[in-house]
Amino acid sequence: MAGRLGRAHRARLSVPSSDTAIAALSGLLSDEGERITRLWSKRLRAETYEVEVPGRDLRAPLRHLLDELARLLESRGEDAVRLWPEVVRSHGAFRYDQNFDPEDLTREFKSLQEVLLYVYARRNGGVIHADVAELVSELVWEADASAQASYARVLKTEEVRFREAAVMESVLNHVEVGILLAETDGMVSFASPPVSRLMGVPMRAVVGARAASSLGPVLTQVNARHPTGEPFKVHDMPFLRALREKAPVRGVMMQVERPGGGDATLEMSATPVWEEDQVLAGVIQTFSDRTEAAVKTKALENAHDEVRRLQGQLLRRTRQQALGQLASGAAHALNNFLNVLRLRITLLQREYKPEHVEALDKTVRQIGELVARLQEFSVQRTEERVANVPVDQTVREALELARGELEQREHPVHTELDLGFPWGVKADAGFFRELIVNLLLSARDRMEGGGTLVVRTRPAGEGWLELRLEDAGRPYAQDELAGLFDPLRRDPGAPQFSLFLAVARTQVQRWGGELTVENRRDGSGASFIVRLPRFSDVSTGAPPPSAQLMPPTPGGVPRLPTRARRVLVVDDDLDNARMMAEVLGEEGYDVQVAHSPEVALRIWEKHPYDAALLDAVMPEMTGWELAREFRQRTPHALLAIVTGMDVRGQNRASLAQVDAVFRKPIDVGALDDFLSQTRGEEEASEEVSEEDGPHDATH
1 MAGRLGRAHR ARLSVPSSDT AIAALSGLLS DEGERITRLW SKRLRAETYE
51 VEVPGRDLRA PLRHLLDELA RLLESRGEDA VRLWPEVVRS HGAFRYDQNF
101 DPEDLTREFK SLQEVLLYVY ARRNGGVIHA DVAELVSELV WEADASAQAS
151 YARVLKTEEV RFREAAVMES VLNHVEVGIL LAETDGMVSF ASPPVSRLMG
201 VPMRAVVGAR AASSLGPVLT QVNARHPTGE PFKVHDMPFL RALREKAPVR
251 GVMMQVERPG GGDATLEMSA TPVWEEDQVL AGVIQTFSDR TEAAVKTKAL
301 ENAHDEVRRL QGQLLRRTRQ QALGQLASGA AHALNNFLNV LRLRITLLQR
351 EYKPEHVEAL DKTVRQIGEL VARLQEFSVQ RTEERVANVP VDQTVREALE
401 LARGELEQRE HPVHTELDLG FPWGVKADAG FFRELIVNLL LSARDRMEGG
451 GTLVVRTRPA GEGWLELRLE DAGRPYAQDE LAGLFDPLRR DPGAPQFSLF
501 LAVARTQVQR WGGELTVENR RDGSGASFIV RLPRFSDVST GAPPPSAQLM
551 PPTPGGVPRL PTRARRVLVV DDDLDNARMM AEVLGEEGYD VQVAHSPEVA
601 LRIWEKHPYD AALLDAVMPE MTGWELAREF RQRTPHALLA IVTGMDVRGQ
651 NRASLAQVDA VFRKPIDVGA LDDFLSQTRG EEEASEEVSE EDGPHDATH
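In terms of full-length UniProt numbering, the sequence shown is residues 1 to 699.
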C-alpha cells in the first residue's frame, strides 16, 4: 500500500520518477552525512532539553540510523522505504531506556525531516524538489511509526511487568499516539482513547467486534479517504493487511472529516505480535496525527516555490536595473574620456609632443579599466571562487562603477570614504564587488533628496572586517528593521529589496560573516553593516600582469616554446588585425594576417607559425575552437586569445587550450614579453604552473 500511495502521490504532483529522488537523497547522505548528524543532534538536544539523556554522545545512534538509510537507498532503492523502519524499530526501545517520552521521539524524527530538507535546500541553491520532500516525509513518517510501535511495545511490557493492567490503561490515556489491538481473527480487542479523538468518533462500536462489519460505518461517517481522494475501505486498514501479509505495514495515510469541522491527516502503522514459538498473537496498530505536518509540508513547498520564483525575478531585475543604472554613469565617464582623446589628438595633429602620446595611452588604459569593471559586474557567474579579496581596493572599484549613477542626478549623492582595512577577506571578488555596488545603489534610492553617503572599513575585533555604508535616508521603524530581511514581505515595493537583502545575507553567511542593518545613533539615517573574517594570508599582492602561466598539455607534457618569430594574427575586424600586425612588425616579428578562421587554417596547414593571436568572437568559428584546432596540429605553439570580453564564462577545457588571454585595449609591452619568451626544457619544467587555466593578462 505504501508503494501504491507513493505512486498515487507522484501522479497527483506530476513529479519525476522516485528513482531521481532516491538517488538525490542517497547522494546527500553520502556527501553530507556528518553535517546532517551534527545538525540533527543539535536540534534534538534543543528539542528535548528536559530529557535526562544517559551519556553525552547523541550523535552515535543518529549516525548509525543515517548510515543504514544511506546503505538501503543505495542498495535497495524503493524498498528502503519498507526496510528502513525495521532498522529503526529498535531505536524506540533504545530511547525508552534513555527516558524519552513518546512526544520526544516524534520531535526527534520531525527534526530529522527539517534537517534533511534544510541541507538539501542549501546544497541545491534554496530549491526543494517535491519528489525529494515527499520521499523524506515518507521515510520519516515510517521511521517514527516504527519507533513509536517499538516504544509502545516496550512500554506495555514494562507496565505489565511492574504494574497492573489498570495502570497501563491509564498511561495509554495520556499518549498522543492512538493504539488499537486486533486479534488473529480480525476482532478489535482494545482501542486507547486517543484513537477516538483522532478519528473524531467513539470507538465503542468497534471494540469487541469483527472489523469487517464494524469499521465500515465508522469510515463512512468520517468520510475516510486516501490522500489521492479515493475512498478508504476497511480492507485498507493496516492491521488487516498485517494479518494477511504477516508483516509490518508502515505509513498508511488517511484523511478524515471531524464532526466539529476541518480535515485531519492520520498516519497508521501496524506491527504483528509474535509468541515465543513464532505463533502470531495479534497486531498492534498505531494512529498518529499528521495534520500539522501535512499542512506545514505543503506550506513549505508553496513557500519555497514562491521564494524560488521571486528570487529568480529579483536576480534578473537587480542585475538589469543595476546594469542600466551603471550604464548611465559609465556613458558619462566614457564621453569624458573620449573628449580628452579628441582634444589630445587635435593637439598631436598640430604639434607632436611625447606628453600627448603618453596622455593618450593613459586615457585608453582608463577606458579599458572602466569597461573591464562593467564586464566583471555583468558576467553571469555559475559558481563562487573564494579567494583573498583586498577590501579597500574593492570598495574603490565598486564606487568607481557606481559613481556616475550616484552623482549624475538632480539631487546628487556624494560619497565620503573612510577606509582603514588594508587587508583581505575570504570571499568571491566579483560577488563582493557586486554586493557593494548594489548596497550603494540601494542607499542612493533611500536618499531621494541627495546628501552624503559614508563608507567605512575598520577592523572589528581580532581578525574581522566591519564594512559600514551609512546613508542619510529616513530611519527605519522597529517593525521595518525586524522584517527587512524577510523575502516574503508584502509591503508595497518591499519584496524586491527584501529578497535582495535575504540573498545577500545568505551569500555573506556562506563566507562566514553576517549582513545586518541598524539606524544611525544620531537619527540621520541607517547603516548597512557587512562583517567578514579576515583572510589568513595578509598578502594581497597580485602577480605582475606580464606573468604568463603555461599550462601543461592534456598528455601531461609541458609546452616548451622557443622565441616566437613568425606570428599569425586572426581577427575578422580588419582595422584591429592590420594595426596589430603593424605594431608587431615594428617590434621585429614576421606577422601574417588572416581575416577568418577558414583562411587561418589554410595558412597554418602550409606552414605552422610559432605563435597565434586569436580574436575570441568570430562568425564562422570562435577563437577557442580555432585554438583547439591549432593545438592539435602544433602542440608547442604559443596561442593567445585577444578579446574585449570577460573570459570567466569559459570552461576550463577551453582555457587550457591557450597559453594566455589578453584583454583589449592590449598592452603591447606585455604582448612582446609573452611572444619573446625563451625557455629551455629544465627552466620550463620549473615554471609550469599547477593551475589548469591560462593567465588572464588584463591591461
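Beta carbons: idealized from backbone N, C-alpha and C, even for Gly.
Here the structure is a predicted model, which means the values were calculated and not measured.
Suppose you measure from the CA of residue i to the CA of residue j; what does that come to, to the nearest Å?
i    : j    : result
A224 : R38  : 40 Å
S30  : A60  : 16 Å
I666 : F432 : 27 Å
R244 : G483 : 55 Å
V154 : V503 : 48 Å
A46  : T297 : 22 Å
T20  : L112 : 21 Å
V688 : D659 : Because the pLDDT of V688 is 36, which lies under 50, any placement of that residue in the model is unreliable, and the question is left without a value.
E470 : V389 : 22 Å
A130 : E598 : 50 Å
I284 : D305 : 39 Å
L671 : L655 : 18 Å
H411 : R602 : 60 Å
G623 : F662 : 13 Å
A640 : D673 : 13 Å
G77  : V115 : 22 Å
P202 : S196 : 5 Å
E582 : A398 : 37 Å
G461 : A429 : 23 Å
L465 : Q657 : 39 Å
F500 : E407 : 23 Å
S404 : V454 : Here residue 404 turns out to be Gly, not Ser, going by the sequence shown. Their Cα atoms are separated by approximately 17 Å.
G262 : K156 : 33 Å
Can you tell me where the alpha helix (DSSP H) holding residue i begins and where it ends?
i    : result
D97  : A80 to D97
R468 : Run containing R468: none in the alpha helix (DSSP H); it sits in the beta strand (DSSP E), W464 to E470.
D236 : Looking at the DSSP string, D236 is not in any alpha helix (DSSP H), and its letter there is neither H nor E.
R654 : Sequence inspection shows Ser at residue 654; the Arg mentioned does not correspond to that position. Here the alpha helix (DSSP H) through S654 covers R652 to L655.
H64  : R59 to R76
S442 : A429 to R446
By DSSP, does residue i sit in helix, in strand, or in coil?
i           : result
S189        : strand
L180        : strand
S527        : strand
M618        : coil
residue 700 : The chain is shown only over 1 to 699; residue 700 falls outside these bounds and no answer can be derived.
N223        : coil
T346        : helix
G478        : Note on residue identity: the sequence assigns Gln, not Gly, to residue 478. Here Q478 sits in helix by DSSP.
A660        : strand
Q393        : helix
A402        : helix
E230        : coil
E245        : helix
L601        : helix
Q278        : coil
Thinking C-alpha only, which one of the options is nearest residue i?
i    : options                   : result
H636 : A611, W624 and T643       : A611
L180 : L155, V206 and V201       : V206
R474 : R446, T457 and D486       : R446
V119 : E462, G27 and F94         : G27
G200 : Q221, D522, V386 and S146 : Q221
R35  : R123, A24 and V81         : R123
N519 : R505, D479, G512 and G513 : D479
A653 : R631, E176, F674 and L638 : R631
K606 : L584, G585, E587 and R633 : R633
Y151 : V517, R89 and R403        : R89
G512 : S442, F287 and G463       : G463
P85  : G33, P102, V140 and F421  : V140
V530 : R521, K426 and L626       : K426
Grab the span of the beta strand (DSSP E) containing residue i for me, first residue to last.
i    : result
I666 : Segment: none, I666 is in no beta strand (DSSP E) and carries neither H nor E.
T271 : D263 to W274
V569 : R566 to V570
G251 : V249 to E257
D590 : D590 to A594
V517 : E514 to N519
V413 : V413 to L419
Count Cβ pairs between the region 138 to 156 and the region 244 to 254 that sit closer than 8 Å; are there 3 or more?
yes
With a cut-off of 8 Å, do at least 3 Cβ pairs link the region 98 to 105 to the region 265 to 281?
In short, these stretches do not touch, since the Cβ pair count stays below three.
Just checking, does the region 599 to 616 make contact with the region 570 to 586 on the three C-beta pairs under 8 Å criterion?
yes
Taking 8 Å as the cut-off, does the region 593 to 607 touch the region 573 to 583 (at least 3 CB pairs, one atom from each stretch)?
Verdict: yes, contact present.
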